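Trainee: Below is one structure. I have some questions about it.
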Amino acid sequence: MDTLQHLVSGFAAALSPAYLAYAFAGCTLGTLIGVLPGLGPAAGTAMLIPLTFKLDPTGAIIMLSAIYYGAMYGGTITSVLINVPGEAASVITCIDGHQMAKQGRGGTALGIAAIGSFVGGMAATIALVLVAPPLAQMALRFGPPEFFALMLFGLCLVSGLAGRSMLAALLMTVLGLLLAMIGIDPVRGAPRFALDIPDLYDGIGFIAVVMGLFGVSEILLAAEAPVRETVRSKLSSLLPGREEWRRSVGAIWRGTGIGFALGLIPGIGAIVPTFMAYIVEKRLSKTPERFGQGAIEGVAAPESANNAYANAAMIPFLTLGIPSSPTIAVLMGAFIINGITPGPFLFQERPDLVWTVIASFFTGNVILLALNLPLVGLWAKLLHLPFQYLCVGVLLFCVVGAYSLQQSVFDVWVMIAFGVIGFVFRKLELPLAPLVLGLILGPAIEKSLRISLEMSAGDYSIFLTRPLCLGMLIAAAAVLAGAALRLAPQSLREA
Amino acid sequence: MMRSGVRRALAVAAWCAAASGIALADDFPSRPVQLMVAFPPGGSTDVGARVVASIAEKLLGKPIVVLNKGGAGGQVGWTEMARQKPDGYYIGYINLPATNTVILDPERKAIFGVDAFVPIINQVLDPGVVWVRADSPHKSLKDLVDAAKKAPNTIRAATTGILSDDHLAILMLEEAAPGAIFRIVHLAGAVDQLKEVMGGHVDVAFDNVGSIAPRVRTGELRALAVTDHQRSKFVPEVPTMKELGYPTVISSSTRGIAAPKGTPQPVLKKLEEVLRKAMEDPEHVQKLESAGLAVKIMVGEEYARYYSETHAQAKKYTEWAKTRPHK
Numbered sequence: 173m174d175t176l177q178h179l180v181s182g183f184a185a186a187l188s189p190a191y192l193a194y195a196f197a198g199c200t201l202g203t204l205i206g207v208l209p210g211l212g213p214a215a216g217t218a219m220l221i222p223l224t225f226k227l228d229p230t231g232a233i234i235m236l237s238a239i240y241y242g243a244m245y246g247g248t249i250t251s252v253l254i255n256v257p258g259e260a261a262s263v264i265t266c267i268d269g270h271q272m273a274k275q276g277r278g279g280t281a282l283g284i285a286a287i288g289s290f291v292g293g294m295a296a297t298i299a300l301v302l303v304a305p306p307l308a309q310m311a312l313r314f315g316p317p318e319f320f321a322l323m324l325f326g327l328c329l330v331s332g333l334a335g336r337s338m339l340a341a342l343l344m345t346v347l348g349l350l351l352a353m354i355g356i357d358p359v360r361g362a363p364r365f366a367l368d369i370p371d372l373y374d375g376i377g378f379i380a381v382v383m384g385l386f387g388v389s390e391i392l393l394a395a396e397a398p399v400r401e402t403v404r405s406k407l408s409s410l411l412p413g414r415e416e417w418r419r420s421v422g423a424i425w426r427g428t429g430i431g432f433a434l435g436l437i438p439g440i441g442a443i444v445p446t447f448m449a450y451i452v453e454k455r456l457s458k459t460p461e462r463f464g465q466g467a468i469e470g471v472a473a474p475e476s477a478n479n480a481y482a483n484a485a486m487i488p489f490l491t492l493g494i495p496s497s498p499t500i501a502v503l504m505g506a507f508i509i510n511g512i513t514p515g516p517f518l519f520q521e522r523p524d525l526v527w528t529v530i531a532s533f534f535t536g537n538v539i540l541l542a543l544n545l546p547l548v549g550l551w552a553k554l555l556h557l558p559f560q561y562l563c564v565g566v567l568l569f570c571v572v573g574a575y576s577l578q579q580s581v582f583d584v585w586v587m588i589a590f591g592v593i594g595f596v597f598r599k600l601e602l603p604l605a606p607l608v609l610g611l612i613l614g615p616a617i618e619k620s621l622r623i624s625l626e627m628s629a630g631d632y633s634i635f636l637t638r639p640l641c642l643g644m645l646i647a648a649a650a651v652l653a654g655a656a657l658r659l660a661p662q663s664l665r666e667a
Numbered sequence: 068m069m070r071s072g073v074r075r076a077l078a079v080a081a082w083c084a085a086a087s088g089i090a091l092a093d094d095f096p097s098r099p100v101q102l103m104v105a106f107p108p109g110g111s112t113d114v115g116a117r118v119v120a121s122i123a124e125k126l127l128g129k130p131i132v133v134l135n136k137g138g139a140g141g142q143v144g145w146t147e148m149a150r151q152k153p154d155g156y157y158i159g160y161i162n163l164p165a166t167n168t169v170i171l172d173p174e175r176k177a178i179f180g181v182d183a184f185v186p187i188i189n190q191v192l193d194p195g196v197v198w199v200r201a202d203s204p205h206k207s208l209k210d211l212v213d214a215a216k217k218a219p220n221t222i223r224a225a226t227t228g229i230l231s232d233d234h235l236a237i238l239m240l241e242e243a244a245p246g247a248i249f250r251i252v253h254l255a256g257a258v259d260q261l262k263e264v265m266g267g268h269v270d271v272a273f274d275n276v277g278s279i280a281p282r283v284r285t286g287e288l289r290a291l292a293v294t295d296h297q298r299s300k301f302v303p304e305v306p307t308m309k310e311l312g313y314p315t316v317i318s319s320s321t322r323g324i325a326a327p328k329g330t331p332q333p334v335l336k337k338l339e340e341v342l343r344k345a346m347e348d349p350e351h352v353q354k355l356e357s358a359g360l361a362v363k364i365m366v367g368e369e370y371a372r373y374y375s376e377t378h379a380q381a382k383k384y385t386e387w388a389k390t391r392p393h394k
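Same order as they appear, the protein sequences are chains A and B. Counting from 173, one number per residue, gives the positions in the first sequence under this note's numbering. Counting from 68, one number per residue, gives the positions in the second sequence under this note's numbering.
Have a look at this one:
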């Protein structure tokens, strides 16, 4: 009952003109980021953090969250129309979405993607409302050893699932963890690998790293790519026909379920749920041969999974303070800049903020549906912008964004350096997500490991005698073993 | 010839420097003053800084800009402050004893010493407090100390960071109650303490009154003692260490404003005067107290003495912390 009351007052606040305006601005910017190829949600959200410095914390969080899930919607448009995913999670949508566009059913593809995204986002948010408060209560049972095990599990998952080879992914995870070591030791206070550079005492700013790896490197790659052609597809018929509806409804719900379930596990990333949803549809279909030829389920399921995942990933983030993807980590950075620590006490201490933000997820999803269904043609027009101007604009925004994070030129250099590194890694087909997650989770993993050992006076058996902790460690080992034995379906590993 | 020329040049230079010093004091400030906070925005030092800056800038006639240079437990900000030109336009917060322990901890390799800063005025003194979960078997400080004596190195006691005032407080209590040994767990701050103690992963927390007073009043947790000479007005029912027979366990976290070494005396005087007026303003006191921060103004000799005494005490316990067998 308490939850309902909080939610109602959250809605009252989220529906105030100012917060609606922030949500609208966030959704628009997010869609824009999604539409512009190359600017994924992580880099995009990072870039736009400084825009929110003048807002009150609630407004800032509403806007940044809207940018985050808005970008998840927007990525579809480019996938369908030009066969280039606007963000990584829309990769799978290209397969059938672009085929549909070629057959003149582009409008329907975009329509079902918007509807699927809406259903996925809404359903996951409703589940968030129901699940998060009891989970926040339970989160107290998570002591440092359990946190350590959970984050280790997350890293094993991302190492096992991302990239073509587990070796490459593990390598990138370890590299991320090594980068995370730079700076002042979080427990004893000694500087490590800081080379006496004061800017490095606080470690490498991961927001600048994300902007470099995902933003700058993308532009470098794009500069090499040939000019693309847009399919001039008829966009008038947005709503699917009766037969298409029949095929889509089940796909949307299954996609939502998959996206939601995977969103609860840190480290999965946004790509895996979309692949899973696609594979499930293909397996369940009586006519699997239609997949790849413009099957509407092949658009509906992954798009629903994508957005259900995006909203479900807020649950471990808000209740445990664990960011499960690079974008959520950027969002966490924004929370901390605004003086708010996500975790079990957030619901208790700032119910006003949490519930307003959650209510804004509902309003935001409605805004996005409105933005995407009638206005999809407008977004599609953006793709006609000459790419060279777009590149310069995005690069400029990245530089300004990196600088304004903490008025430090050093961060700009970090971003540029990681832009080049990201470019090289992509050329070598080394996955970037494990690196970023290693960098982000590194300090927290180290801290929880060392605090656990302080709790036990140096006795490692603390990890084996706590059932919850032991269970997660076994799961982590199983994931790695499974990936090593190549038990995961081939298609999953191609993400 | 040469030599007297050099000497004359030096004399002229010295005169110029002196004259500019006087001129500096006379028209100080001619531009905005930066007030560095070595912690991120939104923390309690930041809150205090913004309140005092907004009042003091009206008295000073020039804006006072709060500059957050958080990181490394304050070391990043203090390193930066120690490097500034000592002209009064860059002043900043020192947080005793954190500033002292950063200087004293050899592992930190701080590039500044205790004399790098000239203390101007203290703003806040937040005494330490020892607290447990409401359903803890330790009903009083005596229960806790007895338990730590009976089974040494088993009671898990949380600090808010290595060599924080809370860490020193645990060492002080161990010293005052021979035989009592705690198993020290270094957590990152008050929120982490709350989470781990409430979750039963740690038995007792050493923190400051300002962080937990509201939860003591609601009965969510039980405060056993305040590490101060007198009771705190925010939790008046909690006894002091002195009352409980441990008069040497006195520990607190303070926030005050200092300038880089070499700042001209007249400039320091002017800043002290303005900041003192601002801190005595009822608006300042009321705003800080509503944030759970007890205002304690110390200036001149008194604050300088407090700074050096804190340093001497921190030195003793830092050395002990480094050699303590139970790490």
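All C-beta atoms, glycine included, are put in the ideal place defined by N, C-alpha and C. On a predicted model such as this, the values are computed, not experimentally measured, just so you know.
Let me check understanding here. Comparing Cα to Cα, which of GLY231(A), LYS226(A), HIS178(A) and LEU179(A) lies closest to GLY198(A)?
Mentor: Counting from one through the first sequence, the residue named residue 198(A) turns up at place 26. Among GLY231(A), LYS226(A), HIS178(A) and LEU179(A), the Cα nearest to that of GLY198(A) belongs to GLY231(A).
Trainee: Specify the secondary structure class of GLN579(A) as computed by DSSP and reduced to three states.
Mentor: The count along the first sequence starts at 1 and reaches residue 579(A) at position 407. DSSP places GLN579(A) in coil when its eight states are reduced to three.
Trainee: List the residues that DSSP assigns as beta-bridge partners of GLY195(B).
Mentor: Here the question's residue 195(B) lines up with position 128 in the second sequence. Per DSSP, ASN275(B) and THR294(B).
Trainee: Closer than 7 Å, Cβ to Cβ, to anything on chain B: give me those residues from the segment 369–398 of chain A, in chain order.
Mentor: PRO370, TYR373 and ASP374
Trainee: Apply the 10 Å Cβ neighbour rule to ILE89(B) and answer buried if 16 or more other Cβ atoms are within range, or exposed otherwise.
Mentor: Here residue 89(B) refers to the residue found at position 22 when the second sequence is read from its first residue. Reliability of the predicted coordinates at ILE89(B) is poor, the pLDDT of 49 falling under 50, and the value obtained from them is presented with this limitation in mind. Exposed is the call here.
Trainee: Tell me, to the nearest whole angstrom, how far the beta carbon of HIS253(B) is from that of GLU626(A); I am working on the premise that it is less than 8 Å.
Mentor: Start at 1 with the first residue of the second sequence, and residue 253(B) comes out as number 186. Start at 1 with the first residue of the first sequence, and residue 626(A) comes out as number 454. The Cβ separation is near 6 Å, so the contact holds.
Trainee: Is there contact here, the segment 463–476 of chain A with the segment 503–522 of chain A, by at least three beta-carbon pairs under 8 Å?
Mentor: no
Trainee: State the start and end residues of the unbroken beta strand (DSSP E) segment that holds LYS363(B).
Mentor: As a position in the second sequence, residue 363(B) is number 296, starting the count at 1. Unbroken beta strand (DSSP E) run through LYS363(B): 362–366.
Trainee: Can you check which of these residues, MET148(B), PHE184(B), ALA358(B) and PHE106(B), is closest to VAL276(B) by C-alpha distance?
Mentor: Sequence index remark: in the second sequence, residue 276(B) carries index 209 (1-based). Answer by Cα proximity: ALA358(B).
Trainee: Report the rounded CA-to-CA distance for ALA184(A) versus SER476(A), giving the unit in angstroms.
Mentor: Taking the first sequence and counting its residues from 1, the one referred to as residue 184(A) is at position 12. Taking the first sequence and counting its residues from 1, the one referred to as residue 476(A) is at position 304. Taking C-alpha positions only, ALA184(A) is separated from SER476(A) by approximately 28 Å.
Trainee: By alpha-carbon positions, which one of ALA480(A), LEU343(A), LEU367(A) and CYS563(A) ends up nearest to LEU604(A)?
Mentor: By 1-based counting over the first sequence, the position of residue 604(A) is 432. Minimum Cα distance to LEU604(A) is reached at LEU343(A).
Trainee: Does the beta carbon of ASN275(B) sit closer than 8 Å to a beta carbon anywhere in chain A?
Mentor: For the purposes of this step, residue 275(B) is identified with residue 208 of the second sequence, where counting begins at 1. Not closer than 8 Å to any Cβ of chain A, the Cβ of ASN275(B) fails to qualify, so no.
Trainee: Can you tell me which of the three DSSP states ASN255(A) falls into?
Mentor: Your numbering for residue 255(A) matches position 83 in the first sequence. It is coil, neither helix nor strand.
Trainee: Name the residue from ILE161(B), VAL114(B) and VAL118(B) whose alpha carbon lies nearest to the alpha carbon of ALA371(B).
Mentor: Taking the first residue of the second sequence as position 1, residue 371(B) is located at position 304. Cα-wise, what sits closest to ALA371(B) is ILE161(B).
Trainee: Considering only residues of the same chain and omitting the five flanking positions on each side of ILE391(A), which have a CB-CB separation below 7 Å?
Mentor: For the purposes of this step, residue 391(A) is taken as the residue at position 219 of the first sequence. Around ILE391(A): GLY210, CYS563, VAL566 and LEU567.
Trainee: Hey, SER320(B) and ASP193(B): beta-carbon distance below 8 Å or not?
Mentor: Position 253 of the second sequence, counted from the first residue, corresponds to residue 320(B). Position 126 of the second sequence, counted from the first residue, corresponds to residue 193(B). Yes, these two residues count as a Cβ contact at 8 Å.
Trainee: For the beta strand (DSSP E) containing HIS253(B), name the first residue and the last one.
Mentor: Counted from its first residue, the second sequence places residue 253(B) at position 186. Unbroken beta strand (DSSP E) run through HIS253(B): 250–253.
Trainee: Write down every uninterrupted run of the alpha helix (DSSP H) in the segment 527–591 of chain A whose length is 4 residues or greater and which is fully enclosed by it, in chain order.
Mentor: 548–554 and 559–578
Trainee: Counting pairs of Cβ atoms below 8 Å between the segment 293–310 of chain B and the segment 216–227 of chain B, do you hit three or more?
Mentor: no
Trainee: Quick check: GLY137(B) and LEU360(B), are their CB atoms within less than 8 Å of each other?
Mentor: Here the question's residue 137(B) lines up with position 70 in the second sequence. Here the question's residue 360(B) lines up with position 293 in the second sequence. It is not a contact, given that the beta carbons lie outside the stated cut-off.
Trainee: Residues in the segment 245–265 of chain B with C-beta within 8 Å of chain A's C-beta atoms, listed in sequence order?
Mentor: Cβ contacts with chain A come from ARG250, ILE251, VAL252, HIS253, LEU254, ALA255, VAL258, LEU261, LYS262, GLU263 and MET265.
Trainee: Compare the C-beta of ALA90(B) against all C-beta atoms of chain A and say whether one is closer than 8 Å.
Mentor: Start at 1 with the first residue of the second sequence, and residue 90(B) comes out as number 23. Confidence is the limiting factor: at ALA90(B) the pLDDT is only 48, short of 50, which leaves the residue's position unreliable, though a coordinate-based value still follows. Taking 8 Å as the threshold, the shortest C-beta distance from ALA90(B) to chain A does not fall below it.
Trainee: Chain A partners of VAL143(B), CB-CB under 9 Å?
Mentor: Position 76 of the second sequence, counting from 1, holds the residue named residue 143(B). ILE356, PRO370, ASP371, TYR373 and ASP374, listed in chain order.
Trainee: On a Cα-Cα basis, can you pick out the residue from THR377(B), ALA388(B) and GLU339(B) that is closest to ILE364(B)?
Mentor: In the second sequence, residue 364(B) corresponds to position 297, counting from 1. Here the closest residue by C-alpha is GLU339(B).
Trainee: Contact defined as beta carbons within less than 8 Å: I believe ASP274(B) pairs with ASP233(B). What is the distance between those atoms, to the nearest angstrom?
Mentor: Residue 274(B) sits at position 207 when you count from the first residue of the second sequence. Residue 233(B) sits at position 166 when you count from the first residue of the second sequence. With 8 Å as the limit, ASP274(B) and ASP233(B) qualify as a contact, their Cβ atoms being about 6 Å apart.
Trainee: Ignore the nearest five residues each way along the sequence and tell me which others in LEU385(A)'s own chain have a CB closer than 6 Å to its CB.
Mentor: Here residue 385(A) is taken as the residue at index 213 of the first sequence, counted from 1. If we look at LEU385(A) and ignore the five residues flanking it on each side, its Cβ neighbours are PHE590, GLY594 and LEU604.
Trainee: Using a 10 Å radius around the Cβ and a threshold of 16 neighbouring Cβ atoms, would you call GLU147(B) buried or exposed?
Mentor: On the second sequence, residue 147(B) is found 80 positions in, with the first residue counted as 1. Buried.
Trainee: For the candidate residues PRO186(B), ALA388(B), LEU261(B) and PHE95(B), whose alpha-carbon lies nearest to that of VAL366(B)?
Mentor: As a working mapping, residue 366(B) is identified with position 299 in the second sequence. Measuring from the Cα of VAL366(B), the nearest candidate turns out to be PRO186(B).
Trainee: Do the CB positions of LEU220(A) and LEU201(A) come within less than 8 Å of each other?
Mentor: Taking the first sequence and counting its residues from 1, one reaches residue 220(A) at position 48. Taking the first sequence and counting its residues from 1, one reaches residue 201(A) at position 29. Yes, Cβ-Cβ distance for LEU220(A) and LEU201(A) is below 8 Å.
Trainee: Just to make sure I have the definition right: I need the residues of chain A whose C-beta is within less than 8 Å of the C-beta of GLY138(B). Which are they?
Mentor: Counted from its first residue, the second sequence places residue 138(B) at position 71. Ordered by position in chain A, the residues that pass the 8 Å Cβ test against GLY138(B) are ILE356, TYR373 and ASP374.
Trainee: On a Cα-Cα basis, can you pick out the residue from ALA215(A), SER496(A) and VAL207(A) that is closest to ILE254(A)?
Mentor: Translated into positions along the first sequence, residue 254(A) becomes position 82. Out of ALA215(A), SER496(A) and VAL207(A), VAL207(A) has the C-alpha closest to the C-alpha of ILE254(A).
Trainee: Got a sec: is the Cβ-Cβ distance from ILE229(B) to anything in chain A below 8 Å?
Mentor: The count along the second sequence starts at 1 and reaches residue 229(B) at position 162. For ILE229(B), the nearest CB of chain A lies under 8 Å from its own CB, placing it at the interface with that chain.
Trainee: Going by DSSP, which residues form a beta bridge with MET103(B)?
Mentor: Along the second sequence, one-based indexing puts residue 103(B) at 36. According to DSSP, which records beta bridges pairwise, MET103(B) is partnered with LEU134(B) and GLY159(B).
Trainee: Please report the Cβ distance between LEU609(A) and GLY348(A), rounded to the nearest whole angstrom; I am assuming they are in contact, meaning their Cβ atoms lie under 8 Å.
Mentor: Counted from its first residue, the first sequence places residue 609(A) at position 437. Counted from its first residue, the first sequence places residue 348(A) at position 176. Yes, LEU609(A) and GLY348(A) are in contact; Cβ-Cβ is about 6 Å, under 8 Å.
Trainee: For ILE324(B), count the other beta carbons within 10 Å of its own beta carbon; 16 or more makes it buried, fewer makes it exposed. Which is it?
Mentor: Numbered from 1 along the second sequence, position 257 holds the residue referred to as residue 324(B). Under this definition ILE324(B) is a buried residue.
Trainee: Does LEU312(A) come within less than 8 Å of chain B when only Cβ atoms are used?
Mentor: As a working mapping, residue 312(A) is identified with position 140 in the first sequence. So yes, LEU312(A) belongs to the interface.
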